[in-house]
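S.K.: Pasting in a structure now, in C-alpha cells, and then I'll have a few things to ask.
There are 2 protein chains.
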Amino acid sequence: MRDRLIKACRRQRTDTRPIWLMRQAGRYLPEYRKIRERYDVMTICRTPELAAMVSSLPVELFEVDAAVIFADIMLPLESLGVRFRLEDGVGPVVADRISSLDQVRSLSSFEPSRLSFVFDAIKETRRLLNDSVPVIGFSGGPFTLASYLIEGGPSRDFARTKGVMFGRGRVWTELMERLSEMASAYLQGQARAGAKVLQLFDSWVGSLNEAEYREYVLPYSRAVIRKASETGVPLIHFGVDTAAILECMAEAGGDVIGVDWRVNIDEAWRRVGHDRGIQGNLDPAVLLSETATIRRHAEDVLRRTAGFPGHIFNLGHGVLPNTPPENVKELVEYVHVKGAT
Amino acid sequence: MRDRLIKACRRQRTDTRPIWLMRQAGRYLPEYRKIRERYDVMTICRTPELAAMVSSLPVELFEVDAAVIFADIMLPLESLGVRFRLEDGVGPVVADRISSLDQVRSLSSFEPSRLSFVFDAIKETRRLLNDSVPVIGFSGGPFTLASYLIEGGPSRDFARTKGVMFGRGRVWTELMERLSEMASAYLQGQARAGAKVLQLFDSWVGSLNEAEYREYVLPYSRAVIRKASETGVPLIHFGVDTAAILECMAEAGGDVIGVDWRVNIDEAWRRVGHDRGIQGNLDPAVLLSETATIRRHAEDVLRRTAGFPGHIFNLGHGVLPNTPPENVKELVEYVHVKGAT
C-alpha cells in the first residue's frame, strides 16, 4: 500500500507529500457524470459496486494518495428517520425541519447495520484498488448535521440553527448528543470496514466564533473524535472558514486539522501546534487557472509546510464542478515531484 | 447633533458607546414592510422622500446614533450601463455577466450626477431628522462589486470572479480600476451631499486569503479610501469573514475597521492597531434570542472594547430579516446604558 497519507497523519516522514482532494470523485469528472446519467447520487451511494467505482476513479486517473468513499454526509441521518432529498445545485433539502424537543426525541436510534452499504462500499473500494492506497471514511460533524436538520437545507446565515443553539437549551443539547453518538458510531463502523483514515467534516462550523464554538459545539465534537479514535485509525478534523476558531477545533481533537485557503497554512499549523498534522489548503478556484498559476500557488503551500512532518496536501474545500480534470492531474504530479523530501 | 459616532471614528472620548446596525432600515421592520407593499426597493432608492423616510425609521424607533442611507450597493453600477434586478431572497441578478475585456471597456464612464437621487436622499434624511444624528453614506468595495458583475449575482465560491482574477490580467485590472474610480467618486458625492461618515462595504472580500487580497484587491481599495478620505469625512472599512486578512484591510485604509462576529473584537483591534477605530461585532443571530442572551453577548463586546476610544457598536453583518424589532430596541438601550464611560 502507498501509505504516505497514513504516515503523514502520524507525523512520520514520507517519500513525498501525500495529496488527495475533497470531492475528488465528483461532478468535474466526465467519467462520474457518465455514471450520473444513469444513477442518481443516492443510488450510487447505496450500491457498493457503483460507490466503489466512483471512489476509485481519481486514484486511477490522477494517482492521488487515497480514495475517499463516495457518500453524502446526510446518509446516516436517514437511519434516524430523517427524510431528505438531494437537489442538484442546492444540496440536501430536509422534509421536516427540526425545531422542537418532541421532534428530537422522536428520532430513531442510530443503527449502524442500516448503513451496511457504506461499509460494503469501503470493502469493495479496497478490493477494486487492490489496497494500493488507503480508503478515507468520513462523517459530517455534529454542528454541520444539526444545521441541515434545523435549517432544512443549506444556509447562508445559520439563523435558525443559532436561534436553537442560543435559545432553547434541551433542543440543542439533546440533538447534538444524538448526532454525536451517530457520528462516532458511523465513523467506528467505517474504520471496522477497513477505512484507514477518517475525516470529520464540520464544514459549517466556521460560522461560529470562539465562544460559541466552545460552548455549543466543542464538547460534542470532542466526544465524536475521542470515540472514533478508539479504533486506532487516524482522524482529520476539517472545517471551512475556521481562521477564528482553529485553536478550539484543535482542542476538540484530531490527529490532523484541515484548514481552508483563507488562512496562511504555516500560521495555522503554528496555531494548532506541530504535534499534529495539518491538511490543506489550495484555493479550489486556483484549479480553474493556467498551469503556471496552479504551480505558483501549490509551491506556496509546499513552501509554507516544509520542514515538519505531517502535511497532507489538499484543497481548502471541495473541487469545484467546473474544474478541468487535467488541472487536477497537473496538481497531483506537481505536488508529488516538488514535495519529495 | 448627537455626534458620538463621528467622535468615535476620530477616536475621541464619547459619553457612551455609539451604536448603529447594518441593515437597520430593512425587512425586519413592519414600518418598512408596509412601505415595501407599495414600492419596490429600486423605487424607494430613487425617491429621495421615501429613501429618507426609510433611512430615518431606526433613528426614530430605536435612537441609534446614525441613519444609514437607504440604497443598494448595485445602484452606481447602473450609471455604468450595467442592467440588473433585485430579486427577493436572492439579491442582485445582473443581466449580462462580465467576462471579456470588451465588456469592461464598453462600460460607460461614471457620472455622479446620475446618482443625484442618492445625494438628495441624504439631504432629505438630514432635514427629516433635523441633523440630530449623522447620516452614513456607503459604497460597495471594488472586489464585492466586481464579484456581482462577474458572477452575475451572489455566489458561494466566487469561482468565476477568482477565475478572472487569477487568469486574465487586463480584464481584472481594468474592471477594478473602473470600479475604484466609481466607488471613490460616489463616496465623494455622498460626502458633499452631507454624509458625515462613510462606509466601504467590501462584504465578500473574506473569500480571499492574504496573498490574494494583497495582490488583487488592496491597491484598488486603498485608492478608493484615499480619494474618499480627501473629503475629510471619516471612513469605516468593512468586510465579512476577514479574520485572515485584517492586517491587509487595515493597510488598505479606513479610520475604522469593521469586523464580523467570528473574530474576538479585542484581538481584531490589537491586530489592526489602536490608532484606528473598530466596529462590530455582535452575531446578528443573537438578536433572535431572549433578552438575557442578547445582554450577555452585548456585554462581552463592550467588555472586550473597553479602555480605548474608537469603538462603534454594530452587528457583525446586517440585521436578519426575522429579527424582532423590540430586540433591536433592547440592544440599543443596553449599549447606551452599559457603554457610558
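If you read the protein sequences in the order shown, they are chains L and D. Residues 4 to 344 (our numbering) are what the first sequence spells out, left to right. Residues 4 to 344 (our numbering) are what the second sequence spells out, left to right. Don't be surprised by glycine CBs; every beta carbon is placed ideally from N, CA and C.
If you count every other CB in all the chains shown that lies within 10 Å of the CB of K165/L, and 16 or more means buried, which is it?
M.R.: Here residue 165/L refers to the residue found at position 162 when the first sequence is read from its first residue. The residue is buried, with at least 16 neighbouring Cβ atoms inside 10 Å.
S.K.: Can L104/D and V174/D be called in contact, C-beta distance under 8 angstroms?
M.R.: Your numbering for residue 104/D matches position 101 in the second sequence. Your numbering for residue 174/D matches position 171 in the second sequence. Result yes, Cβ atoms of L104/D and V174/D sit closer than 8 angstroms.
S.K.: Can you find a C-beta in chain L that's less than 8 angstroms from the C-beta of N212/D?
M.R.: Start at 1 with the first residue of the second sequence, and residue 212/D comes out as number 209. It does; some Cβ of chain L falls within 8 angstroms.
S.K.: Have a look at R229/L, A186/L, G280/L and F87/L and flag the residue whose alpha-carbon is nearest the alpha-carbon of L8/L.
M.R.: For this step, residue 8/L is matched to residue 5 along the first sequence. Ranking the options by Cα distance to L8/L, first place goes to G280/L.
S.K.: Mind listing the chain D neighbours of F161/L? Cutoff is C-beta to C-beta under 8 angstroms, in chain order.
M.R.: Here residue 161/L is taken as the residue at index 158 of the first sequence, counted from 1. Correct list: A288.
S.K.: Could you compute how far the alpha carbon of G283/L sits from the alpha carbon of S102/L?
M.R.: Position 280 of the first sequence holds residue 283/L. Position 99 of the first sequence holds residue 102/L. G283/L and S102/L: Cα-Cα distance of roughly 35 angstroms.
S.K.: Quick one: which residues of the region 233-248 of chain L get their C-beta closer than 7 angstroms to a C-beta of chain D? List them in chain order.
M.R.: D244, A246 and A247
S.K.: Count the other C-beta atoms from every protein chain shown that fall within 10 angstroms of the C-beta of Q202/D, then say buried if there are 16 or more, exposed otherwise.
M.R.: Your numbering for residue 202/D matches position 199 in the second sequence. Result: buried.
S.K.: Are the CB atoms of G143/D and A186/D nearer to each other than 8 angstroms?
M.R.: Sequence index remark: in the second sequence, residue 143/D carries index 140 (1-based). Sequence index remark: in the second sequence, residue 186/D carries index 183 (1-based). Cβ atoms of G143/D and A186/D: closer than 8 angstroms.
S.K.: Between A255/D, V243/D and F241/D, which lies nearest to K230/D when the distance is taken from Cα to Cα?
M.R.: The residue labelled residue 230/D in the question sits at position 227 within the second sequence. Nearest option by C-alpha distance: A255/D.
S.K.: Would you report the Cα separation of S210/L and C12/D, rounded to the nearest angstrom?
M.R.: Taking the first sequence and counting its residues from 1, one reaches residue 210/L at position 207. Taking the second sequence and counting its residues from 1, one reaches residue 12/D at position 9. The straight-line gap from Cα to Cα measures roughly 28 angstroms.
S.K.: May I have the straight-line CA-CA distance separating V67/L from L78/D, to the nearest angstrom?
M.R.: To locate residue 67/L, count along the first sequence from 1; it is residue 64. To locate residue 78/D, count along the second sequence from 1; it is residue 75. Their backbone Cα atoms lie some 47 angstroms apart in a straight line.
S.K.: Which residues, taken in chain order from the region 166-192 of chain L, show a beta carbon closer than 9 angstroms to some beta carbon of chain D?
M.R.: G166, M168, F169 and G170
S.K.: At a CB-CB cut-off below 9 angstroms, which residues of chain L make contact with L32/D?
M.R.: Counting from one through the second sequence, the residue named residue 32/D turns up at place 29. In chain order: nothing, as chain L lies at least about 17 angstroms away.
S.K.: Around the Cβ of Q15/D, are there at least 16 other Cβ atoms within 10 angstroms (buried) or fewer (exposed)?
M.R.: Here residue 15/D refers to the residue found at position 12 when the second sequence is read from its first residue. Exposed, since its Cβ has fewer than 16 Cβ neighbours within 10 Å.
S.K.: In this structure, what does DSSP give as the bridge partners for V71/D?
M.R.: Numbered from its first residue, the second sequence carries residue 71/D at position 68. V71/D pairs with I139/D.
S.K.: Run through chain L and tell me which residues come within less than 9 angstroms of V266/D, C-beta to C-beta.
M.R.: Position 263 of the second sequence, counted from the first residue, corresponds to residue 266/D. Within chain L, the residues near V266/D are N212, E213, A246 and A247.
S.K.: Would you mind sorting F311/L into buried or exposed? The rule is 16 or more other CB atoms within 10 Å of its CB.
M.R.: The residue you call residue 311/L lines up with position 308 of the first sequence. Exposed, since its Cβ has fewer than 16 Cβ neighbours within 10 Å.
S.K.: Going along chain D, which residues have a C-beta under 8 angstroms from T294/L?
M.R.: Here residue 294/L corresponds to residue number 291 of the first sequence, with the count starting at 1. Within 8 angstroms Cβ-Cβ: nothing; T294/L doesn't reach chain D, min ~11 angstroms.
S.K.: Quick one, which residues of the region 311-327 of chain L are near chain D if we go by CB-CB under 8 angstroms, in chain order?
M.R.: H320, L323 and N325
S.K.: With DSSP collapsed to three states, give me the class of N330/L.
M.R.: For the purposes of this step, residue 330/L is taken as residue 327 along the first sequence, with counting starting at 1. N330/L: helix per DSSP, three-state reduction.
S.K.: Give me the chain D residues within the contact set of L291/L, using Cβ-Cβ distance strictly less than 8 angstroms, ordered along the chain.
M.R.: Numbered from its first residue, the first sequence carries residue 291/L at position 288. Here the neighbours are A162, K165, G166, F169 and G170.
S.K.: Pull up the distance between the alpha-carbon of A69/D and that of M179/D, whole angstroms please.
M.R.: Taking the second sequence and counting its residues from 1, the one referred to as residue 69/D is at position 66. Taking the second sequence and counting its residues from 1, the one referred to as residue 179/D is at position 176. The straight-line gap from Cα to Cα measures roughly 30 angstroms.
S.K.: How long is the line joining the alpha carbons of E215/L and H339/D, rounded to whole angstroms?
M.R.: Here residue 215/L refers to the residue found at position 212 when the first sequence is read from its first residue. Here residue 339/D refers to the residue found at position 336 when the second sequence is read from its first residue. Approximately 25 angstroms, taken between the alpha carbons.
S.K.: Between which two residues does the beta strand (DSSP E) harbouring V347/L extend?
M.R.: A query on residue 347/L cannot be resolved here, the shown segment of chain L reaching from 4 to 344 and no further.
S.K.: In chain order, what residues of the same chain lie with their CB nearer than 6 angstroms to the CB of P115/L, ignoring the 5 residues before and after it?
M.R.: Residue numbering aside, residue 115/L sits at position 112 when the first sequence is read from its first letter. The answer, listed in chain order, is A188 and G192.
S.K.: Looking at the unbroken beta strand (DSSP E) that takes in V200/L, where does it start and where does it end?
M.R.: Translated into the one-based positions of the first sequence, residue 200/L becomes position 197. Where V200/L is concerned, the enclosing beta strand (DSSP E) stretches over V200 to F204.
S.K.: Determine the direct distance from the alpha carbon of R130/L to that of D244/D, and round the result to whole angstroms.
M.R.: One-based indexing of the second sequence puts residue 244/D at position 241. One-based indexing of the first sequence puts residue 130/L at position 127. So the two alpha carbons sit approximately 43 angstroms from each other.
S.K.: By Cβ distance below 7 angstroms, which residues in the same chain neighbour A149/D in space, the five residues on each side in sequence not counted?
M.R.: Stepping through the second sequence from its first residue, residue 149/D is reached at position 146. T164, L178, M179 and L182, listed in sequence order.
S.K.: I'd like the span of the alpha helix (DSSP H) that includes L24/L, first residue to last.
M.R.: Indexing the first sequence from 1 puts residue 24/L at position 21. L24/L -> no alpha helix (DSSP H), and no H or E assigned at all.
S.K.: Would you mind working out which of E218/D, F204/D and L249/D sits nearest I228/D, comparing C-alpha positions?
M.R.: Translated into positions along the second sequence, residue 228/D becomes position 225. Checking every option, the nearest Cα to that of I228/D belongs to F204/D.
S.K.: Within 7 angstroms: the Cβ of G29/L and any heavy atom of the ligand ADP?
M.R.: The ligand ADP is not among the ligands present in this structure, which contains no ligands whatsoever.
S.K.: Can you pull the DSSP bridge partners for I281/L?
M.R.: For the purposes of this step, residue 281/L is taken as residue 278 along the first sequence, with counting starting at 1. DSSP output for I281/L lists I260/L and H314/L as bridge partner(s).
S.K.: Less than 8 angstroms between the C-beta atoms of V304/D and F316/D, yes or no?
M.R.: As a working mapping, residue 304/D is identified with position 301 in the second sequence. As a working mapping, residue 316/D is identified with position 313 in the second sequence. Yes. Within cutoff.
S.K.: Rounded to whole angstroms, what's the CA-CA distance from R217/L to I76/L? Just pull it up for me.
M.R.: On the first sequence, residue 217/L is found 214 positions in, with the first residue counted as 1. On the first sequence, residue 76/L is found 73 positions in, with the first residue counted as 1. Going from the Cα of R217/L to the Cα of I76/L covers about 23 angstroms.
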